[in-house]
Amino acid sequence: MSSTSNSQNTAVLLLAHGSPESVDDIPDFVRYVVGGRPVPPQIVEEIKHRYSLIGCSPLNEITMRQGKALERELGLPVYVGMRNWKPFIPDVVKTMPADGVSRAIAICLAPQNSRTSVGLYRGAVMGESGTPFALEFIESWHDHPLLVRAFAEKLLTGWESACRQVGSKLPVIFTAHSVPQRTITEGDPYESQSRETAALVAKTAGLADEDWSFAFQSQGMSGGPVSGNAWIGPTVEDMILRWKEKGHIGVFIQPVGFLCDHVEVLYDIDIGFKGFAANCGMQLWRAESLNDSPMLIAALADLTRSRLSQFLEKA
């Protein structure tokens, strides 16, 4: 008997960053992101500009599709909660007991663990008094074999095509969102887990060590300081220049810290980094995002079944 067949009253809670539904929603969205701290008006205007260029973010829609696909795969109810937009995590948590949920597996759609992401998701789920149901909270799944395979498949499809277009082997830059340096200094595992994901994907895809590198992207757009060593690097721009210095005429980027298309992919990479590369005389390609790909859903399902089995054994 599978673990899911013996799991009445059990649900999955997917947790995501959330995204505004229109450019007009961005001021409120930014306030949620920074926890109500003042944000300079020019930062808000720049974020509005970036979202307007991509027609706003598909993150919410894709996350809902991921939830529906996982629900079909597992045969369990799957709820979706957003930290910075509707449906807000605390509101979703409140509805679950009314639906008969007595235990839940919570999975952050951010595979690498950081207090700046996963830690905040946990806080939103727990609230001040804990959850009204038994909770198994998955802290990280950055090295899950099916997640690694999902990234590797997208990498090879896009990279091999780009290499054929340019007529030579392109170096790969793996990326993840940057975090404040103090976060890592204080013991956060995010940097090491992000680099480990990249190394596992490179190995699975058969890349030689000299064919890839790693960089952190999107430093400072939450409104914090960017200067000096405030945010971890190297930056993607620095890495593009390093590959140019080695004689390459293009680079191929694969984000391994993001699971779906959103502004850090559709603007930061597809517009910002691509434009920077062009100004340097370089071409830039990107791997397709996982979005609701079957392999990602398989990874989430396997993760859920494994943790649910452990959960039921402890019960």
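Per the numbering used here, the very first residue in the sequence shown carries number -8; after that it's consecutive.
The C-beta atom is built at its ideal place from N, Cα and C for all residues, glycine as well.
Under a three-way DSSP split, which group does T(-5) fall into? Its pLDDT being 49, under 50, T(-5) is placed unreliably in this model, and the value from its coordinates should be taken loosely. For T(-5), the three-state secondary structure derived from DSSP is helix.
Evaluate the contact criterion for the stretch 8 to 17 versus the stretch 31 to 40: three or more CB pairs, one atom per stretch, below 8 Å. A contact exists between the stretch 8 to 17 and the stretch 31 to 40.
Between G118, L138, R233, which lies nearest to P308 when the distance is taken from Cα to Cα? Residue 308 is absent from the model: the chain starts at -8 and stops at 306.
How about V109 and E130: do their beta carbons lie closer than 8 Å? Yes. Within cutoff.
Bounding residues of the alpha helix (DSSP H) (the contiguous stretch that carries M55): M55 -> alpha helix (DSSP H) spans 50 to 65.
Could you name the residues of the same chain whose beta carbon sits closer than 8 Å to that of T166, not counting the 5 residues immediately before and after it, in chain order? These residues qualify, in order along the chain: F205, A206, F207, Q208, V227, I244, Q245, P246, V247, G248, I260.
Suppose the cutoff is 6 Å on Cβ atoms and the five residues either side in sequence are ignored; what does the same chain contact list for R94 look like? Only T1, F124, A125 meet the Cβ criterion.
Looking at the strands, I want to know which residues DSSP matches up with V71. Looking at the DSSP assignment, V71 forms a beta bridge with L5.
Could you compute how far the alpha carbon of K160 sits from the alpha carbon of G272? Their Cα atoms are separated by approximately 17 Å.
Does the stretch 135 to 152 come close enough to the stretch 166 to 186 to have 3 or more Cβ pairs within less than 8 Å? In this structure the stretch 135 to 152 does not lie against the stretch 166 to 186, because fewer than three pairs of beta carbons, one per stretch, are closer than 8 Å.
Please classify G118 as buried or exposed, where buried requires at least 16 neighbouring CB atoms within 10 angstroms. Residue burial is scored here from C-beta neighbours: G118 has fewer than 16 other C-beta atoms within 10 angstroms and is therefore classed as exposed.
Distance CB(F267)-CB(I231) smaller than 8 Å: Yes, these two residues count as a Cβ contact at 8 Å.
Tell me which residues share the same chain as A196 and place their Cβ nearer than 7 Å to its Cβ, disregarding the 5 neighbours each side in the sequence. Correct list, in chain order: A143, L146, L147.
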